[in-house]
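Chemist: Just so you know, the first sequence maps onto residues 8 to 123 in the numbering used here.
Backbone N, C-alpha and C define an ideal beta-carbon position, used for all residues, glycine too.
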Amino acid sequence: MAAKSDAVYARIYRVTKEIPAGKVATYGQIARIAGASTPRMVGYAMAGAGSKDVPWWRVVNAQGMISPRNNPFSELQQRDLLEHEGITFKSNDRISLKDYGWDGPELPWLKENGLI
DNA sequence: AGGTTGACAAAGG
DNA sequence: GCCTTTGCCAACC
C-alpha cells in the first residue's frame, strides 16, 4: 500500500515530463502546479528521477541556476544536457528565465490530470 | 520518538 | 546584488 506522498511524487514526475526541450521550470513552479507542499519536495523527488523517464535536468532553482547537490558530477551533466537543447548560460552560470522559462502546462492538460 | 538534513524560496541586511 | 536567516516538511537517521 502506497503512502500519500507517492501520489504527490507521481504528480511531480508527470508535470516535469511536460516541460518541453529547450525550456526550464523552477522547483517552486513545479511544486505549485503538482500540488506539492513545498519546493523542497520537488528537489527531493528529482534526486530519484534519474532511473525514471523524467527530464529532471530541465528543473532549476528560482535564480535560474543549477542547484548544488551532494553529487557535483550531476550538476555538470545537467548543464551539458541543457546546453545541448540550445539553452545558454550567462557568464555568472545563470539561465535567463525570461528567455527560457516554461509557461506551464495548458489548461486542458491540467484538467485531464486532475490538477484543477 | 525525536533530532537532523536537504537538487527550495522569500525576506532581510 | 551577494550573503544570511527563516520557514518549510517529508525523508532519513
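Among Ala41, Glu25 and Ile102, whose alpha-carbon lies nearest the alpha-carbon of Gly71?
Modeler: Measuring from the Cα of Gly71, the nearest candidate turns out to be Ile102.
Chemist: Do three or more CB pairs link the region 63-82 to the region 28-42 at distances below 8 Å?
Modeler: Yes: at least three Cβ pairs fall under 8 Å.
Chemist: Would you identify the three-state DSSP class for Thr95, choosing helix, strand or coil?
Modeler: Looking at Thr95 - three-state DSSP - the assignment turns out to be coil, as it is neither helix nor strand.
Chemist: Name the residue from Glu25, Ser74 and Ala38 whose alpha carbon lies nearest to the alpha carbon of Val15.
Modeler: The shortest C-alpha separation from Val15 is found at Ala38.
Chemist: For Val61 and Ile40, which I take to be in contact (beta-carbon distance under 8 Å), what is that distance rounded to the nearest angstrom?
Modeler: Actually they do not touch by this definition, with Cβ atoms about 15 Å apart.
Chemist: Is the CB-CB distance between Ile19 and Ala54 below 8 Å?
Modeler: No.
Chemist: First and last residue of the alpha helix (DSSP H) that includes Met72?
Modeler: Looking at the DSSP string, Met72 is not in any alpha helix (DSSP H), and its letter there is neither H nor E.
Chemist: Determine, using beta carbons only, whether Gly121 and Gln36 come nearer to each other than 8 Å.
Modeler: Their beta carbons are not under 8 Å apart, which means Gly121 does not touch Gln36 by this criterion.
Chemist: Which class does Ala56 belong to by DSSP, given the choice of helix, strand or coil?
Modeler: Three-state result, Ala56: coil.
Chemist: In whole angstroms, what separates the C-alpha of Phe96 from that of Ile26?
Modeler: If you take the alpha carbons of Phe96 and Ile26, they lie about 18 Å apart.
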